[in-house]
Each structure stands twice: as C-alpha cells, then as structure tokens.
Amino acid sequence: MKIIRPSALAAGLALLGVSLAAQADVKPDPGDYTALPKGTDVVVLYQQNPRGDKVYSGGKKVADDLDLDMTVGVLRLIHFTDFFGTGYTWDPQIVIPFGQQDIGATHTKNSGLGDITFGGTLWTIADLERNEHLGWSVFFTAPTGGDKNEGFALSNNRWAVDLQAGYIKGLTDKITWDVIAEAEFYQDQRSTDAKKDTLFQLHNHLRYNFTPETYAAISYRHNWGARETLDGVTLATSRDNGTVGFTVATMVGKQLQVLGQVMHDTSVREGVKIDNSLQFRLAYFY
-15 MKIIRPSALA AGLALLGVSL AAQADVKPDP GDYTALPKGT DVVVLYQQNP
35 RGDKVYSGGK KVADDLDLDM TVGVLRLIHF TDFFGTGYTW DPQIVIPFGQ
85 QDIGATHTKN SGLGDITFGG TLWTIADLER NEHLGWSVFF TAPTGGDKNE
135 GFALSNNRWA VDLQAGYIKG LTDKITWDVI AEAEFYQDQR STDAKKDTLF
185 QLHNHLRYNF TPETYAAISY RHNWGARETL DGVTLATSRD NGTVGFTVAT
235 MVGKQLQVLG QVMHDTSVRE GVKIDNSLQF RLAYFY
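Spelled out as structure tokens, the structure:
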C-alpha cells in the first residue's frame, strides 16, 4: 500500500479526532435494551481493537497505509431502579473510556482517559416474559479526555448529547430483533469553535437464541451527518457509512456474561475505514 498524497494524508490525520469518535465508543450491542429487574447492578468491561489503513473524505479515498492501531478499554457501571416512584424502570449509568492510539504513518501515539459519558434509559415497555422492550435514552458526554487537540479518538473536546430509542421484539422463541435509532448533538469544539452537525445512526441486530443463556447475532449499523465546519470552511463532509458485525455471547454461571464481536466497515464516505474491529466484553450482574 502507498501514501496517496502527503497533503491529503495530513488532512486526513487532522480529522482523526472527528472521524474515529464514532468508532471508539460504546455502541448498543444486541440485548442492551433489555430492561432487567429493578435492583440489578451491572459492571461491564469492554476491550476494543479497531484497525484501519484508508481515509475517505466526501466519498473519495484521500490516504492509504494509515496504519491505525487502537486498544481501547471501557468501564461501564449500570444500576436498574424505579423511575422516581412511577413504576417504570430506568438505569442511571456512567461510561469511562481509556486506551492507546498508534498511527504508524506519522509515528504518533496517544494514550489516556477519554471523554466520560453519563445518562440512562427509561423503559415504557419492559416485558421479560414476552421478550418485548421499548427504551428511551439520554446520554451526555463531557470533554474530560486527555490529548484533546491531538487527534486522540477518545477525546473530542466538546460536549455532546445523545438521544436514543431502542426496541426489542421476540419474533419467535429463538429469534429476536433489536433496532435502535440515535441522534447525537454537539457543542462547538471548545478550542477552535468548529461546528458539527447532528449525527444520525441506526443499529439493527438479529439474534438467534440457542438457549436462554447463549445467542449469536448479525448486525448492521449505518450513520449519516456530522459534517464539520470552521468559519464556513468544510473540515469533514457528511458521513454515509455502513458497518456489519457478528456477535456471540453466553452466560458463564448465573452472573457473568462473556461476549465476543467482530465489526467491519462496508462503506465509508467520511473518515477512517475500519478493516476489522474486535470487541470483547465481560458483564457481571449482581
């Protein structure tokens, strides 16, 4: 592989913090919109390993041989409880990312704490027996991460508000469909005042439940928008990116779930094309 143009590569690298932000976060996995019994606590630990070489802008490849290598850890703490005496279930939670990013093309390395996210989901349908759930989420991301202006994908140096609606429906005893619609709104970038349009995302998961404790799922995710500008100049064009994935998860005993997942970008209009992203997740319920 080769560098297409040094100037284009420099532009692509300058946008890493923009284009990777949606890749190096916690996206809703199969089953995440299940409303668990009130009083349940969950500790979740993720490890993600995105890899990518190509950078796209406006649908055109502007750089090759990027040699991006990320190792990301995420700690997520969740508590299911009653929503202020209404009888509805909700789950206040906090998500803390941390990790390391290596870019071979420029021999640069960043590591540290990422932007912390907090919020929760309120369920208006929470039926474990019928396997049907409808949840409404609000998450706030704070600019707490390190290397804020150095292209570190875990630190975007702006506040963000993420609204989601997630629905789970058991189609048969073995097959379950999860669909999540998402819109994320952004504050102007704090150091440059760069503006970023709303990012829209749609997540679909089709699960086959071998047993109540073990499933496999195929997923398709797509996102649109998030054009970024500074003083009328386009820094990043709107996304129109698609990703497919495969997930396997099982319970080990009554309290520990182990999940493995591989994701692959099928189309990228804007950002780094992730060739493969491996995720491993441990969730402890108590």
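First residue of the sequence shown? That's -15 in our numbering, and the numbers climb one at a time after it. Cβ coordinates follow ideal geometry from the N, Cα and C atoms, glycine included.
Closer than 7 Å: is that where the CB of Q185 sits relative to any heavy atom of the ligand ADP? Looking at this structure, you won't find the ligand ADP or any other ligand, since it has none at all.
Leaving out the 5 sequence neighbours to the left and right, which residues in its chain are closer than 6 Å to K45 when beta-carbon positions are compared? In the sequence shown, counting from the first residue as 1, residue 45 sits at position 61. Excluding positions up to five away in sequence, the list reads K38.
Just reading off the beta strand (DSSP E) that Q31 is part of, what are its end residues? Numbered from 1 along the sequence shown, position 47 holds the residue referred to as residue 31. It spans 25 to 41 - the beta strand (DSSP E) in which Q31 sits, taken as one unbroken run.
Just mark K257 as buried or exposed, buried being the case when its beta carbon has 16 or more other beta carbons within 10 Å. Here residue 257 refers to the residue found at position 273 of the sequence shown. Looking at its Cβ environment, which holds 16 or more other Cβ atoms inside 10 Å, K257 is buried.
Near H189, which residues of its chain fall below 7 Å by C-beta distance, leaving aside the five closest residues on each side in sequence? Taking the first residue of the sequence shown as 1, we reach residue 189 at position 205. These residues qualify, in order along the chain: P14, D162, A201, S203.
To which residues of the same chain is T128 closer than 6 Å at the C-beta, ignoring the five residues directly before and after it? The sequence position of residue 128 within the sequence shown is 144, counting from 1. Result list for T128: D99, I100, in chain order.
In three-state DSSP terms, what is V10? Residue mapping note: residue 10 aligns to position 26 of the sequence shown, counting from 1. It is coil, neither helix nor strand.
List the endpoints of the continuous beta strand (DSSP E) containing N188. Residue 188 sits at position 204 when you count from the first residue of the sequence shown. Residues 183 to 195.
By a C-beta neighbour count over all protein chains shown, 10 Å radius and 16 as the cutoff for buried, is I159 buried or exposed? The residue labelled residue 159 in the question sits at position 175 within the sequence shown. Exposed, because fewer than 16 other Cβ atoms sit within 10 Å of the Cβ of I159.
For T160, which beta-bridge partners are listed by DSSP? What you label residue 160 is simply residue 176 of the sequence shown in a count that begins at 1. T160 is bridged to G154, R191.
Exposed unless 16 or more other CB atoms sit within 10 angstroms - verdict on Q263: As a position in the sequence shown, residue 263 is number 279, starting the count at 1. By the 10 Å Cβ count, Q263 comes out buried.
Looking at the structure shown, is D111 part of a helix, part of a strand, or coil, going by DSSP? Here residue 111 refers to the residue found at position 127 of the sequence shown. Residue state, collapsed to three classes: strand.
What does DSSP give as the partner residue(s) for S121 in the beta ladder? In the sequence shown, counting from the first residue as 1, residue 121 sits at position 137. Answer is T105, Q148.
Helix, strand or coil for F67? Go by DSSP, reduced to three states. Indexing the sequence shown from 1 puts residue 67 at position 83. If DSSP states are grouped into helix, strand and coil, F67 belongs with coil.
Tell me the rounded alpha-carbon separation between T108 and A47. Here the question's residue 108 lines up with position 124 in the sequence shown. Here the question's residue 47 lines up with position 63 in the sequence shown. Taking the straight line from one Cα to the other gives about 46 Å.
Are there three or more Cβ pairs, one per stretch, closer than 8 Å when the region 245 to 259 is compared with the region 17 to 29? no
What are the start and end residues of the beta strand (DSSP E) that includes D16? For the purposes of this step, residue 16 is taken as the residue at position 32 of the sequence shown. Segment: none, D16 is in no beta strand (DSSP E) and carries neither H nor E.
Using the DSSP secondary-structure output, state which residues sit across from A267 in a beta bridge. In the sequence shown, residue 267 corresponds to position 283, counting from 1. V28, Q241, per the DSSP bridge assignment.
What do you reckon, are the CB atoms on D131 and S139 nearer than 8 Å? Locating residue 131 in the sequence shown gives position 147, where the first residue counts as 1. Locating residue 139 in the sequence shown gives position 155, where the first residue counts as 1. Taking 8 Å as the Cβ cut-off, D131 and S139 qualify as a contacting pair.
Express the C-alpha separation of Q77 and F124 in angstroms, rounding to a whole number. Taking the sequence shown and counting its residues from 1, one reaches residue 124 at position 140. Taking the sequence shown and counting its residues from 1, one reaches residue 77 at position 93. Taking the straight line from one Cα to the other gives about 11 Å.
State the start and end residues of the unbroken beta strand (DSSP E) segment that holds L214. In the sequence shown, the residue the question calls residue 214 occupies position 230. Where L214 is concerned, the enclosing beta strand (DSSP E) stretches over 212 to 214.
Considering only C-alpha positions, which residue in the set K180, A165, T90 is nearest to A220? Position 236 of the sequence shown, counted from the start, is the residue given in the question as residue 220. Nearest C-alpha to A220: K180.
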